[in-house]
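Take a look at the structure below.
Protein chains in written order, with the numbering used here: chain A, 690 to 1104; chain B, 873 to 1013.
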């Protein structure tokens, strides 16, 4: 962990930012809400909520099809959102940006389409031990379909991927590496750039799961040089039900479509159908256009604050919270990587996480208990679950204090 | 005492509590006071896995009545388990099969018996009813 400041230094006006998020003004069980479940989903700023209202109230129309004004207007907004996403992750062009239902939808798309094209019996896919179930199960399904094998990069006691073990997994059967940039249960920030470079040295493409990364720091897919990058809208202050699949154009171009339907086709005949160009080839059916536009608005909102300020605030908040948590007797933090973001998984000796979570809930503190969709991580530590407090840039030092107060109360009741 | 009378009694008891921490403290107390399950029943065979917390349940049948013992690894859940046992214990199997457990809602613990909470309690109630149905079917003649 970095050095812990005695006094928090506030780099951005948190009070002002918090006022942008209506949910953060609400009360739960008669107490002001402390929202620490950002790993599960993030809250939405007023601009996103207003945007969705505006779209449904005065602009609603199906995209890419109509000859009329509303449809053209909505199509324009949708394609503008694609450009906003492109800019957000610094993709080369908008052909590389596919809208999906979420990170899970994006991974399933690649697992199917890449798998159809490149994976055959006996081939191997590399994932890591700290993956979210969404970055394990689609690959297991692919492996079952193709009789391929899943190889797993283990992590050490601090929750860092063991790089030597990673390198040993490569052989001439390795077809793809799929790893997370940031662990949703350990908070670890993986050295994905170096890992991508190593994979590329072996001519193996890499998919990065950015679901827990994009809300914390800026991402540059060209700098990372990843072949695929996925994230969810709802975890980056946008609407739910929308996500992004970035793929290098040459890569996406070569893949067969995932789902068939309207809009993804060029010419449909019963003898043979030809497919639309990128990115539409991967966008079958009526897309979640309001979600995509709302996501664009969320990304523009983040841009207006800037990742320099966000990262700086989160770093001091992370250090402050870590320090405070360590003051609680018998509290063990799972995930102590040198590079980590403000996700804290922990247990307090003698306290069941569910009991603790139930007590905190009644104190207005929202966090998550359980396995966090990472059962292999729990198995690694031989535990059945943890309490997880996951923070976003709108969380304050006061939120951290309320968390500590809640935990102390839980200890007094349960011990 | 009839199943509904016990439920009404519990509702009465909980009405005295002013805040959630009082209710939870009482549940924690009930959890601690719940008679222990025989260790030989604390095995996977009797485990109701709720993903977030575990519940072990054993059922016995004597003279038309059901006898339950149970345990949980989470103490507040165990307190709710204790309430369920208090309501269902020594009741006729036929009563339990059709029991409407309205007290859970009335004392504000409804979300704990929602299928999505994944604490083992929903499955526990189901199991209690299934055991009762099984014993009832076996012994009705």
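The C-beta atom is built at its ideal place from N, Cα and C for all residues, glycine as well. Because the structure is a prediction, the values reported are computed rather than measured.
Residue i to residue j, Cα distance in whole Å?
| i | j | result |
| --- | --- | --- |
| residue 854 of chain A | residue 903 of chain B | 46 Å |
| residue 992 of chain B | residue 901 of chain B | 20 Å |
| residue 936 of chain B | residue 956 of chain B | 19 Å |
| residue 869 of chain A | residue 938 of chain B | 51 Å |
| residue 1104 of chain A | residue 1069 of chain A | 26 Å |
| residue 996 of chain A | residue 903 of chain A | 10 Å |
| residue 719 of chain A | residue 1102 of chain A | 20 Å |
| residue 750 of chain A | residue 981 of chain B | 44 Å |
| residue 974 of chain A | residue 950 of chain A | 5 Å |
| residue 864 of chain A | residue 857 of chain A | 15 Å |
| residue 1014 of chain B | residue 998 of chain B | Chain B is shown from 873 up to 1013; residue 1014 of chain B falls before or after that span and cannot be answered. |
| residue 847 of chain A | residue 1016 of chain A | 19 Å |
| residue 884 of chain B | residue 1079 of chain A | 39 Å |
| residue 947 of chain B | residue 906 of chain B | 10 Å |
| residue 890 of chain A | residue 814 of chain A | 16 Å |
| residue 900 of chain A | residue 791 of chain A | 9 Å |
| residue 809 of chain A | residue 861 of chain A | 13 Å |
What distance in whole Å lies between the Cβ atoms of residue j and residue i, which are believed to be in contact at a cut-off of 8 Å?
| i | j | result |
| --- | --- | --- |
| residue 1056 of chain A | residue 725 of chain A | 4 Å |
| residue 899 of chain B | residue 952 of chain B | 6 Å |
| residue 1077 of chain A | residue 1034 of chain A | 5 Å |
| residue 1073 of chain A | residue 873 of chain A | Rounded, the Cβ-Cβ distance is 17 Å, inconsistent with contact. |
| residue 841 of chain A | residue 1088 of chain A | Going by Cβ atoms, the distance from residue 841 of chain A to residue 1088 of chain A rounds to 35 Å, so no, they are not a contact pair. |
| residue 941 of chain A | residue 785 of chain A | 7 Å |
| residue 877 of chain A | residue 819 of chain A | 7 Å |
| residue 709 of chain A | residue 1081 of chain A | Not really, about 12 Å apart at Cβ, beyond 8 Å. |
| residue 1050 of chain A | residue 1036 of chain A | Actually they are not in contact, since the Cβ atoms of residue 1050 of chain A and residue 1036 of chain A sit about 17 Å apart, beyond 8 Å. |
Apart from the five residues on each side of it in sequence, which residues of its chain come closer than 8 Å, Cβ to Cβ, to residue i?
| i | result |
| --- | --- |
| residue 986 of chain B | 994 |
| residue 694 of chain A | Because residue 694 of chain A sits at a pLDDT of 49, beneath the cut-off of 50, its placement in the model cannot be relied upon, and the point is left open. |
| residue 889 of chain B | 895, 898 |
| residue 971 of chain B | 875, 959, 960, 963, 1001 |
| residue 782 of chain A | 775, 938 |
What does residue i reach in chain A if we use C-beta pairs closer than 7 Å?
| i | result |
| --- | --- |
| residue 945 of chain B | 1041 |
| residue 948 of chain B | 1044, 1047 |
| residue 991 of chain B | 1043 |
If the cut is a Cβ gap below 8 Å, which residues of chain A does residue i touch?
| i | result |
| --- | --- |
| residue 893 of chain B | 1048, 1051, 1098, 1102 |
| residue 896 of chain B | 1047, 1048, 1051, 1102 |
Counting only the same chain and skipping the five closest in sequence on each side, list residues whose C-beta sits under 7 Å from that of residue i.
| i | result |
| --- | --- |
| residue 767 of chain A | 752, 978, 981, 982 |
| residue 814 of chain B | Outside the shown range of chain B, which is 873 to 1013, sits residue 814 of chain B, and nothing can be said about it. |
| residue 773 of chain A | 985, 988, 989 |
| residue 1005 of chain B | 969 |
| residue 885 of chain A | 895, 913, 914, 915 |
Please list the partners that residue i has in chain A, where partner means a Cβ-to-Cβ separation under 9 Å.
| i | result |
| --- | --- |
| residue 881 of chain B | Ordered by position in chain A, no residue passes the 9 Å Cβ test against residue 881 of chain B, which lies about 24 Å from the chain. |
| residue 900 of chain B | 1044, 1102, 1103 |
Can you pull the chain B residues whose beta carbon is under 7 Å from the beta carbon of residue i, in chain order?
| i | result |
| --- | --- |
| residue 821 of chain A | The premise fails here: residue 821 of chain A is roughly 16 Å from chain B at the closest Cβ pair, so nothing lies under 7 Å. |
| residue 718 of chain A | 892 |
| residue 728 of chain A | The contacting residues do not exist; residue 728 of chain A stays about 16 Å from chain B at best. |
Whose C-beta lies closer than 6 Å to the C-beta of residue i among residues of the same chain, with five residues either side of it excluded?
| i | result |
| --- | --- |
| residue 1000 of chain A | 906 |
| residue 970 of chain A | 946, 953, 964 |
| residue 990 of chain A | 734, 736 |
| residue 996 of chain B | 920, 927, 929 |
| residue 691 of chain A | Caution applies to residue 691 of chain A, whose pLDDT of 47 falls short of 50 and renders its modelled position unreliable; the value that the coordinates give is listed next. These residues qualify, in order along the chain: 1008. |
| residue 966 of chain B | 1008 |
| residue 917 of chain A | 799, 896, 936 |
| residue 705 of chain A | none |
| residue 986 of chain A | 736, 737, 740 |
| residue 703 of chain A | 1085 |
| residue 1093 of chain A | 1013 |
| residue 696 of chain A | The predicted position of residue 696 of chain A is uncertain, since its pLDDT is 45 and thus under 50; a value taken from the coordinates is nonetheless stated next. The answer is none, since no qualifying residue turns up. |
Tell me the residue span of the beta strand (DSSP E) that contains residue i.
| i | result |
| --- | --- |
| residue 866 of chain A | 863–869 |
| residue 934 of chain B | 926–934 |
| residue 751 of chain A | First-last for residue 751 of chain A: undefined, no H or E at that position. |
| residue 954 of chain A | 954–957 |
| residue 1077 of chain A | 1075–1079 |
| residue 1021 of chain A | 1020–1023 |
At which residues does the alpha helix (DSSP H) containing residue i begin and terminate?
| i | result |
| --- | --- |
| residue 1087 of chain A | 1086–1103 |
| residue 1043 of chain A | 1042–1051 |
| residue 1007 of chain A | 996–1015 |
| residue 1066 of chain A | 1064–1070 |
| residue 1004 of chain B | 993–1011 |
| residue 930 of chain A | Run containing residue 930 of chain A: none; DSSP gives neither H nor E here. |
| residue 873 of chain B | Residue 873 of chain B -> no alpha helix (DSSP H), and no H or E assigned at all. |
| residue 966 of chain B | 965–969 |
| residue 823 of chain A | Per DSSP, residue 823 of chain A belongs to no alpha helix (DSSP H) and is neither H nor E. |
| residue 944 of chain B | Taken as a continuous stretch (DSSP letters only), residue 944 of chain B belongs to no alpha helix (DSSP H), being part of the beta strand (DSSP E) at 937–944. |
List the residues of chain B that residue i touches, going by C-beta distances under 8 Å, in chain order.
| i | result |
| --- | --- |
| residue 1074 of chain A | 924 |
So does residue i have its beta carbon nearer than 8 Å to some heavy atom of the ligand MN?
| i | result |
| --- | --- |
| residue 1063 of chain A | Summarising the ligand content, the structure contains no ligands, and the ligand MN is consequently not present. |
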